[in-house]
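Asker:
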Amino acid sequence: MTGHDTTASTISWAYYFLYHHPEELSRLRTELDAVFGPNTSPSDIAKQITADPKLHTKLDFTLAVIKESLRMEPPAAPARQPPENTHYTFKTTSGTTHYVPPKSMVYTSAWMLHRNKDVWGDDADEFKPDRFMPGRKQPWGYLAFSKRPRDCIGSTLAYLEAKLILALTARMFDFEPTITYHRVLKGTQKPCFDAPMKVKLSNYQG
Ligand code: HEM
């Protein structure tokens with residue numbers, strides 16, 4: 004389950020943000036036209052990927068959309084419990100040390116870190132996939148897949164799955180969220196009411 008609903012939420016949020024940022028959707032579709040050719044059907048795309056399994060590495064902007072969706076709405080975050088008879092301490096930026104009672108689990112909010120303007124800049128609340136384009140330096144504060152040594156073992160697969168789903172669907176369908184989503188915590192963090200969307204065949208022509 005850990006890998007399925009997190010990846011599904013990521014794709015749902017990506018389509019949510021793309022709907023609200025048509026200029027970014029248009030860039031995504033242009034990239035797909037450039038990599039796979041205009042008006043390519045899902046089966047054409049599948050054939051191309053089978054013939055050249057590294058083709059997906061050319062989808063820089065598609066990947067940036069996925070990373071930015073994960074920054075805006077991270078489905079998961081690190082939770083840690085200290086070993087028996089030990090406890091955590093943490094230091095605030097002003098230098099105060101806090102002691103966490105033994106056996107307490109500490110949950111680090113990726114969402115709060117990802118929206119922190121000191122880390123991501125004044126536009127931290129805005130959907131801007133350009134932050135993740137090659138050559139741009141990202142701050143350390145990106146916790147979508149946690150950090151080593153206990154980071155997500157499925158991140159490469161998750162990126163690949165999300166890229167392929169967007170590649171196969173983004174030009175063929177128009178996705179329209181039917182409500183304004185907010186996030187809910189149900190095991191992982193996901194869009195409310197299972198992300199209802201109206202989906203119709205797109206008139207997009209590459
Ligand atoms: C967008 C999709 C995904 C997100 C956002 C995500 C996020 C995360 C995060 C934040 C953690 C660390 C949790 C913690 O430290 O407490 C984690 C751990 C883990 N994830 Fe993922 N994950 C995703 C997809 C996947 C997939 C596809 C798989 C498997 C195929 C997977 C398998 C795991 C496993 C096994 C762990 C535990 C690693 C450990 O504790 O050593 N995840 N994931």
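Residues in the sequence shown are numbered consecutively from 4, following my numbering.
From the three backbone atoms N, C-alpha and C, an ideal C-beta is built for every residue, glycine too.
(1) Got a sec? Which residues, its chain only, sit under 6 Å from F93 by beta carbon, not counting five neighbours each side?
(2) Any heavy atom of the ligand HEM closer than 7 Å to the CB of R153?
(3) Residues bridged to V109 by DSSP?
(4) What whole-angstrom Cβ distance do A173 and R74 have, given they're in contact under 8 Å?
(5) So does L62 have its beta carbon nearer than 7 Å to some heavy atom of the ligand HEM?
(6) Relative to the C-alpha of H24, which candidate in F130, F135 and D55 has its C-alpha closest?
(7) Return the residue from the list Q192, Q141 and P81 that minimises the CA-CA distance to R153.
(8) Please look up how many angstroms separate the CB atoms of L35 and A198, rounded, as I've assumed it's under 8 Å.
(9) What does V187 pair with, by DSSP beta-bridge criteria?
(10) Just grab the DSSP bridge partners of D177 for me.
Answerer: In terms of the structure at hand:
(1) H101
(2) yes
(3) R83
(4) 19 Å between Cβ atoms; not a contact.
(5) no
(6) F130
(7) P81
(8) The Cβ separation is near 22 Å, so there is no contact.
(9) K193
(10) K203
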